[in-house]
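Protein chains in written order, with my numbering: chain A, 1 to 110; chain B, 111 to 608. C-beta: ideal position from N, C-alpha, C; glycine also. Take a look at the structure set out below.
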Amino acid sequence: MAIEVADKTYETDEEGYLVNLSDWSEEVANHIAESEGITMTDNHWEVVNFLREYYNEFQIAPAVRVLTKAIGKKLGSDKGNSKYLYELFPYGPAKQACKIAGLPKPTGCV
Amino acid sequence: MGAPEFQTPPLKEYPVIPILAKDAMAGSRPYVASEKMNEAIGFPGKLVEGWQARAIAKMGELLGKYRSLKVFLDACVHCGACTDKCQYFLGTGDPKNMPVARQELVRKVYRRYFTFAGKYFPRLVGAEDLTEAVLEDWYRYFNQCSECRRCSVYCPYGIDTAEITMAAKEIMDSVGVGQKYTNEIIGKVHRLGNNLGLPGPALADTLETLEEEIKEDTGADVRLPVNEAGAEVLVITPSADFFAEPHVFSLIGYAKVFHAAGIRWTLSSHASEAGNFGLFIGSYEQMRKIALRIREAALELGVRRIVVGECGHAWRVAYSFWNTLIGPFDFLDPRYPAPQHICELTDDLIRRGAIRLDKEANDARVVTFHDSCNVARGAGMGGIARGQFIIPRRIIQAACNHFHDMAPETIHEATFCCGGGGGLLTDELTELRVKGALPRMEALKAVVDEHGVNFMATICAICKAQFSKVLPYYRFDMSMIGGVHQLVGDAIRLGRND
Chain A
1 MAIEVADKTY ETDEEGYLVN LSDWSEEVAN HIAESEGITM TDNHWEVVNF
51 LREYYNEFQI APAVRVLTKA IGKKLGSDKG NSKYLYELFP YGPAKQACKI
101 AGLPKPTGCV
Chain B
111 MGAPEFQTPP LKEYPVIPIL AKDAMAGSRP YVASEKMNEA IGFPGKLVEG
161 WQARAIAKMG ELLGKYRSLK VFLDACVHCG ACTDKCQYFL GTGDPKNMPV
211 ARQELVRKVY RRYFTFAGKY FPRLVGAEDL TEAVLEDWYR YFNQCSECRR
261 CSVYCPYGID TAEITMAAKE IMDSVGVGQK YTNEIIGKVH RLGNNLGLPG
311 PALADTLETL EEEIKEDTGA DVRLPVNEAG AEVLVITPSA DFFAEPHVFS
361 LIGYAKVFHA AGIRWTLSSH ASEAGNFGLF IGSYEQMRKI ALRIREAALE
411 LGVRRIVVGE CGHAWRVAYS FWNTLIGPFD FLDPRYPAPQ HICELTDDLI
461 RRGAIRLDKE ANDARVVTFH DSCNVARGAG MGGIARGQFI IPRRIIQAAC
511 NHFHDMAPET IHEATFCCGG GGGLLTDELT ELRVKGALPR MEALKAVVDE
561 HGVNFMATIC AICKAQFSKV LPYYRFDMSM IGGVHQLVGD AIRLGRND
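Structure below.
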């Protein structure tokens, strides 16, 4: 499968996750978000950017508690919880936000 | 790209056997594993040349190796006792989700190639060639069975239907038809030690964050150690406990129990997974290879006890198979069960007064307990009859003032699968998972209406993830699901016990 953004084609898996992490750009992220029915705001970008930073360091998306703690620090403690993350990414912060961030889908019993 | 469109079934007051809906779930089909994923774990990448002969030969090999499989294939008299016992049949109405019909997909092929009548008079005995269409049916419908074995409880011959599903999956894997969700995950365990693909440094970072959080919440220096040689206890828990909610609350609960009891424990980054998807695909070799990491870690760290966290099929594998897979455990302390379940450990500490719980801490919760299929029907606990039902409930009642069981025909050995077990916990099977959860949701609704239940505790990572996802389809809040040790963690006294 593939997505097309600005005349360029990017390979994705069956569920729309980018196959090549290096294909990611803000335009691609916006495109994926749109197909998920999400309009990216500054707060969405905070999450997506943190996911990418964490992934670069650890080769995996952050655990939910690591993410909520980091977001709480950046956006205020009232937003440092999974309920807020679900408001931003209704299909689940781990899976949907990872997709937009161009990261592989977390697997396992999650 | 959302989930496929479907209608969530309405919750009825009592279970009704559905009107048959032929082929209702014929479109339900998990993604197939890529060549890379299959080959990484030693399976052929894609459907092999001459697959039919190879599949039949594999079936013959399994029949020779597992006497039980032959007995189960021969013994069924099509009495129909199992037909309305499967949550996937009850939720979808698809007749091929009746356990007897699902097994028939294998039996008709078995008869054709392995019985006298089937070889010479196939049409008289309902024997059928293994064609591409049959293989396709196998892929669809054996991926609609969670191997929960509820139907087996009602089978007058005691046929273990899960074993037939596992055999079908093993045959499919052997000819290059693997399922993506399970096979990708097994590859990650071999590579990194856990289903998530969580590398050691990320695990250490996550545990550090959790220690800081507990410190902020409670003021106590509760530790979550990893790779600490010389610890008394090695805890093997599903990697979802590190990663997801509500799973992580139980992990925090275990840590608080060890802290309060003063037991030195450790996790291992080499064996950072309790789950063993080798069971789901019926592969002894995969199961053994996955489990071996645990033995290696235990020896490496020099621990005296191995304790298994809240994971349903992990406990079945540990309780029923570890001894022959990776035993003997003669290097462990003989005074404790090897392996030991975290619930056995906590229950024992509570009963000896070695930890204290303040039930009032959970007074906002009205709790029920969902028995997880592999614990309920595949294992025991505490060395006492029905211990796997008694012990988790005893812990809950020590941690909470308000507890109500669901209807008797939906708990204990009659429990319904959450709908996501056996390697079905993947997004493309959402319709199956939602519909398969129907009987449990009906039982839950009854105690919600009657007793105001607002929390369903369970001891399985798959159950937790599955219910978090499907509860909202039935208009329940996803935070209603959680772990037994989540309740313990919220009620436990961390200071001095006196």
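C-beta atoms of residue i and residue j nearer than 7 Å
i, j, result
"Q162/B", "I296/B", "no"
"A350/B", "C109/A", "yes"
"E326/B", "V64/A", "no"
"L103/A", "Y55/A", "yes"
"E342/B", "R374/B", "yes"
"G488/B", "A424/B", "no"
"V598/B", "A567/B", "no"
"A556/B", "E523/B", "no"
"I3/A", "K99/A", "no"
"Y249/B", "R212/B", "no"
"P549/B", "F577/B", "no"
"V216/B", "I274/B", "yes"
"A272/B", "D204/B", "no"
"S256/B", "G463/B", "no"
"A277/B", "G392/B", "yes"
"H451/B", "V418/B", "yes"
"S378/B", "A339/B", "no"
"A553/B", "A601/B", "no"
"T536/B", "Y291/B", "yes"
"R222/B", "E242/B", "no"
Integer Cβ distance of residue i from residue j, believed to fall under 8 Å
i, j, result
"L75/A", "P93/A", "No, L75/A and P93/A are not in contact; Cβ-Cβ is about 13 Å, not under 8 Å."
"V476/B", "G363/B", "In fact, because the Cβ distance is near 19 Å, the residues do not count as touching under 8 Å."
"W348/B", "A571/B", "Contrary to the premise, residue 348/B reads as Pro rather than Trp in this sequence. Sure, about 4 Å apart at Cβ, within 8 Å."
"L320/B", "L334/B", "5 Å"
"L308/B", "F353/B", "7 Å"
"F182/B", "I281/B", "Actually they are not in contact, since the Cβ atoms of F182/B and I281/B sit about 15 Å apart, beyond 8 Å."
"I71/A", "E53/A", "At roughly 12 Å, the Cβ-Cβ gap does not stay under 8 Å, so I71/A and E53/A are not in contact."
"K545/B", "G201/B", "3 Å"
For residue j and residue i, the rounded distance between their alpha carbons
i, j, result
"R177/B", "D184/B", "11 Å"
"E159/B", "F387/B", "27 Å"
"T225/B", "R398/B", "32 Å"
"G533/B", "D283/B", "14 Å"
"G286/B", "A370/B", "50 Å"
"M111/B", "E36/A", "Here the model assigns M111/B a pLDDT of 42, short of 50, so the residue's position is not dependable, and the following value carries that caveat. Roughly 6 Å between the two C-alpha positions."
"T118/B", "K156/B", "35 Å"
"D608/B", "K366/B", "Residue placement at D608/B is poorly supported in this model, since its pLDDT is 47, which falls under 50; the coordinates are not used for a value here."
"H188/B", "V210/B", "7 Å"
"C421/B", "S589/B", "19 Å"
"G437/B", "M147/B", "29 Å"
"A448/B", "F431/B", "12 Å"
"K105/A", "P62/A", "12 Å"
"E294/B", "A97/A", "21 Å"
"Q289/B", "I465/B", "44 Å"
"R496/B", "R426/B", "14 Å"
"C483/B", "A6/A", "49 Å"
"K180/B", "L172/B", "9 Å"
"Y17/A", "M1/A", "10 Å"
"R414/B", "R259/B", "33 Å"
"P140/B", "E15/A", "12 Å"
"P444/B", "I506/B", "28 Å"
Endpoints, beta strand (DSSP E) assigned at residue i
i, result
"F565/B", "565 to 568"
"G592/B", "591 to 593"
"E4/A", "2 to 5"
Residue i: first and last residue of the uninterrupted alpha helix (DSSP H) it sits in
i, result
"Y10/A", "First-last for Y10/A: 8 to 11, but that is the beta strand (DSSP E), not the alpha helix (DSSP H)."
"R301/B", "290 to 302"
"F199/B", "197 to 202"
"R139/B", "That residue, R139/B, is in no alpha helix (DSSP H); it is neither H nor E in DSSP."
"R177/B", "177 to 185"
"A101/A", "Where A101/A is concerned, there is no enclosing alpha helix (DSSP H), given that its DSSP letter is neither H nor E."
"P311/B", "310 to 328"
"V305/B", "Strictly speaking, residue 305/B in this sequence is Asn, with Val absent from that position. N305/B -> no alpha helix (DSSP H), and no H or E assigned at all."
"G497/B", "497 to 509"
"N148/B", "145 to 150"
### Message
Going residue by residue through the region 420 to 484 of chain B, where are the continuous alpha helix (DSSP H) segments of at least 4 residues, counting only ones entirely within it?
### Response
422 to 426, 432 to 436, 452 to 461
### Query
Which ranges does the alpha helix (DSSP H) cover as unbroken runs of at least 4 residues, wholly within the region 205 to 253 of chain B, from first to last along the chain?
209 to 224, 226 to 230, 242 to 251
### Query
Which runs of the beta strand (DSSP E) spanning at least 3 residues fall entirely within the region 511 to 584 of chain B, listed in chain order?
565 to 568
### Task
With a floor of 4 residues, list each alpha helix (DSSP H) that falls wholly inside the region 339 to 418 of chain B, ordered by position along the chain.
350 to 353, 357 to 371, 394 to 411
### Task
Could you tell me which uninterrupted alpha helix (DSSP H) segments, each at least 4 residues in length, are contained entirely in the region 26 to 53 of chain A, listed from first to last along the chain?
26 to 35
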